[in-house]
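**Student:** Protein chains in written order, with this note's numbering: chain A, 8 to 248; chain B, 8 to 248.
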DNA sequence: CGACTGAATATTGTTGACAGTTTACGGCAG
DNA sequence: CTGCCGTAAACTGTCAACAATATTCAGTCG
């Protein structure tokens, strides 16, 4: 009997379960399923031309990923992210993103910095033209690169999870190009902090950027945690430079 | 048709799938399954007195949680955490734990501080008696409390995931009571930083504590990332107090 | 007219069987 | 004795049917 670990092949190929999982994920993120809505296993299976087994397995996986919620004997529901929970996600994302900056400040190289600067340049052009469509892609790449450049796969995976959950939250409510110029100014701050190889400043810049994004998306004041209205803002850490 | 979100009942009750999931998880963490070993769906289903369906669904869930790895047409394998990956997990755990401290420093109250101090006292007694069994529980509670007291459920969940993956890594290799006194000295530092309501110092104390634990578990030098041999150590942040 | 009751329906939970793939075994050539 | 090849066994992937539970709706009583 072969009980040895598998070679490091592709984690999962194209099985019906994966097909279903990808499809459901796409539907959720694409707005085909609205938060709170139930997924009808039968209907979906028919629609995909497969049987319920793979669909159920896919839903189990998505549940562990936090995209759907399983309720016994009632079915699977598209996860509802309350504003309160969105705040949690933002808080955590700020921490993850800031920590990524902290790690990155240790070993970022000039090539990577140049790449980031080029992205910032692209975003600046798009922002000044008020062209959100052209802003979107480099913005995504910028954030993604910052986390993936840490080399820590788990950090990246967790970051992606959080981003996906936020997509879930503001599905349909996304105010597109609001504050692109402000946002890109923060991007420049981030690059500057990394170029200075200053971990603490990088943390502050990057965590602060997420918080600013939260404020742009959710609106200013926090409803709970009244002691720290405008977010934690990380100003207590120490002045810039 | 009722498409409204479910009431916030227990996320999942006792279905066979959950039974299987809990059982597998228990077996993995309890050392019944060794990393790299394959789970035989049929055998396990028989052993649990259920059919393969629920077992497969449970495995999908565990895969998304990172406890097992699915290989198409070959089966599910207990996740193998390489030393390299363990380093990743430690790195991330340091960030999460440190960030928890940062958040906690904002709003920790005296009751919570008193509780932490009591736990430290219990651990001190156990450490001086070199009694690891008595050290273990309060130690677990201490760490858990620090993260859960942030009030951020996702942070806590992610932290638990990381801890579980580390259990997976050092299953069987766990050197029990090594360095209890050192460890508890760091605990005191953590409490002191929180009592001072100093977020940065709390971050450093708590992230540093995880790093120290990593050094205690994995041994001193990092094999990669040669520039930062003894870990990042967070000493660049600023001198204590 | 509105709230309750109970059957009918829809949907999820679970099972056993079948198809496709991988793994193990045994014979055979060198 | 060793390595290759073909067949048999084992196992995973998928499906369709059955059981258990929840939901809907019509009818009835107050």
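Ideal placement from N, C-alpha and C gives every residue a C-beta, glycine not left out.
Taking the alpha helix (DSSP H) that residue 60 of chain B belongs to, which residues open and close that run?
**Tutor:** 59–71 is the span of the alpha helix (DSSP H), which, as asked, contains residue 60 of chain B.
**Student:** What's the gap between the Cα of residue 93 of chain B and the Cα of residue 144 of chain B?
**Tutor:** The straight-line gap from Cα to Cα measures roughly 23 Å.
**Student:** Count the other CB atoms within 10 Å of the CB of residue 91 of chain A; is the residue buried (16 or more) or exposed (fewer)?
**Tutor:** Exposed, because fewer than 16 other Cβ atoms sit within 10 Å of the Cβ of residue 91 of chain A.
**Student:** Quick one: grab the DSSP three-state call for residue 7 of chain A.
**Tutor:** Residue 7 of chain A cannot be examined here, being either before or after the span of chain A that is shown, 8 to 248.
**Student:** At a Cβ cut of 9 Å, what residues of the stretch 70–83 of chain A count as close to chain B, listed as they run along the chain?
**Tutor:** Flagged, chain order: 70, 71, 72, 73, 76, 77, 78, 79, 80, 81, 82.
**Student:** State the beta-bridge partners of residue 38 of chain A as determined by DSSP.
**Tutor:** Beta-bridge pairing links residue 38 of chain A to no other residue.
**Student:** Residue 222 of chain A: which of A:200, A:101, A:133 sits nearest, CA to CA?
**Tutor:** Residue 222 of chain A has its Cα closest to that of A:101, out of A:200, A:101, A:133.
**Student:** What residue from B:57, B:43, B:53, B:50 has the CA that sits closest to residue 74 of chain B's CA?
**Tutor:** Considering only alpha carbons, the answer is B:43.
**Student:** Taking C-beta pairs closer than 8 Å, name the residues in chain A that residue 165 of chain B reaches, listed in chain order.
**Tutor:** Per Cβ cutoff of 8 Å: 99, 165.
**Student:** Residues in its own chain within less than 7 Å of residue 214 of chain B by CB, not counting five upstream and five downstream?
**Tutor:** Taken in chain order, the residues that qualify are 101, 102, 104, 105, 241.
**Student:** I believe residue 111 of chain B touches residue 165 of chain B by the beta-carbon criterion, under 8 Å. Please report the beta-carbon distance rounded to the nearest angstrom.
**Tutor:** Their Cβ separation, rounded to whole angstroms, is 16 Å, which puts residue 111 of chain B and residue 165 of chain B out of contact at 8 Å.
**Student:** Along the chain, where does the alpha helix (DSSP H) that runs through residue 56 of chain A open and close?
**Tutor:** Residue 56 of chain A -> no alpha helix (DSSP H), and no H or E assigned at all.
**Student:** In chain order, what residues of the same chain lie with their CB nearer than 6 Å to the CB of residue 245 of chain B, ignoring the 5 residues before and after it?
**Tutor:** Caution applies to residue 245 of chain B, whose pLDDT of 40 falls short of 50 and renders its modelled position unreliable; the value that the coordinates give is listed next. Counting only Cβ-Cβ distances below 6 Å, and skipping sequence neighbours, we find nothing.
**Student:** On the three-state DSSP scale, how would you describe residue 31 of chain A?
**Tutor:** Three-state DSSP puts residue 31 of chain A in a helix.
**Student:** Between residue 2 of chain B and chain A, is the shortest Cβ-Cβ distance under 7 Å, so that the two count as touching?
**Tutor:** Look at the range of chain B in this structure, 8 to 248, and you will see that residue 2 of chain B is not part of it.
**Student:** Under a Cβ-count criterion, where at least 16 other Cβ atoms within 10 Å of its own Cβ denotes burial, should residue 220 of chain A be classed as buried or exposed?
**Tutor:** Residue 220 of chain A is buried by the Cβ-count criterion.
**Student:** Within 10 angstroms of the Cβ of residue 135 of chain A, are there 16 or more other Cβ atoms? Answer buried if so, exposed if not.
**Tutor:** Under this definition residue 135 of chain A is an exposed residue.
**Student:** Pull out every residue of the stretch 140–162 of chain B whose Cβ sits closer than 7 Å to any Cβ of chain A, in chain order.
**Tutor:** Taking 7 Å as the Cβ-Cβ cut-off against chain A, the residues of the stretch 140–162 of chain B that qualify are 159, 160, 161, 162.
**Student:** Using the C-alpha atoms, what's the distance from residue 31 of chain B back to residue 212 of chain A?
**Tutor:** For residue 212 of chain A and residue 31 of chain B, the distance between alpha carbons rounds to 42 Å.
**Student:** With 7 Å set as the bound, which would you pick, yes or no: does the beta-carbon of residue 122 of chain A sit closer than that to a beta-carbon of chain B?
**Tutor:** No - not a single Cβ of chain B is within 7 Å of the one on residue 122 of chain A.
**Student:** What separation, rounded to the nearest whole angstrom, lies between the Cα atoms of residue 137 of chain B and residue 34 of chain B?
**Tutor:** Answer to the nearest angstrom: the Cα atoms are 29 Å apart.
**Student:** For a test of your reading of the model: does the CB of residue 67 of chain A fall under 6 Å from any non-hydrogen atom of the ligand MG? Yes or no.
**Tutor:** For the structure depicted, the ligand MG is absent and the ligand set is empty, with no information on it obtainable.
**Student:** Which residue comes first and which comes last in the alpha helix (DSSP H) that contains residue 197 of chain B?
**Tutor:** Where residue 197 of chain B is concerned, the enclosing alpha helix (DSSP H) stretches over 187–202.
**Student:** What residue range is occupied by the uninterrupted alpha helix (DSSP H) comprising residue 77 of chain B?
**Tutor:** From DSSP, residue 77 of chain B is part of no alpha helix (DSSP H) but of the beta strand (DSSP E) over 75–78.
**Student:** Where in the stretch 121–187 of chain A do unbroken runs of the alpha helix (DSSP H), each at least 4 residues long, occur, reported from the N-terminal end onward?
**Tutor:** Those alpha helix (DSSP H) runs which fall completely within the stretch 121–187 of chain A and span 4+ residues are 139–155, 160–176.
**Student:** Check the DSSP bridge columns for residue 45 of chain A and list the partner residues they point to.
**Tutor:** DSSP output for residue 45 of chain A lists A:84 as bridge partner(s).
**Student:** Mapping DSSP to helix, strand and coil, what is residue 205 of chain B?
**Tutor:** Looking at residue 205 of chain B - three-state DSSP - the assignment turns out to be coil, as it is neither helix nor strand.
**Student:** Spatial neighbours of residue 27 of chain A within its chain, please: C-beta separation below 7 Å, excluding the five flanking residues on both sides.
**Tutor:** The answer, listed in chain order, is 55, 57, 61, 62, 65.
**Student:** Can you find the residues in the same chain that come closer than 7 Å, C-beta to C-beta, to residue 150 of chain A, ignoring five residues on each side of it along the sequence?
**Tutor:** So no residue of the chain qualifies.
**Student:** Can you pull the chain B neighbours of residue 22 of chain A, defined as C-beta to C-beta under 7 Å?
**Tutor:** Neighbours of residue 22 of chain A on chain B, chain order: 79.
**Student:** Exposed or buried, residue 252 of chain B, counting other C-beta atoms within 10 Å across all chains shown (16 or more means buried)?
**Tutor:** This structure gives no information on residue 252 of chain B, because the portion of chain B shown stretches from 8 to 248.
**Student:** At the level of alpha carbons, what is the spacing between residue 200 of chain A and residue 217 of chain A?
**Tutor:** Their backbone Cα atoms lie some 15 Å apart in a straight line.
**Student:** Take residue 77 of chain B and list the residues in its own chain whose beta-carbon comes closer than 6 Å to its own, dropping the five residues that flank it on each side.
**Tutor:** So the qualifying residues of the chain are 70, 83.
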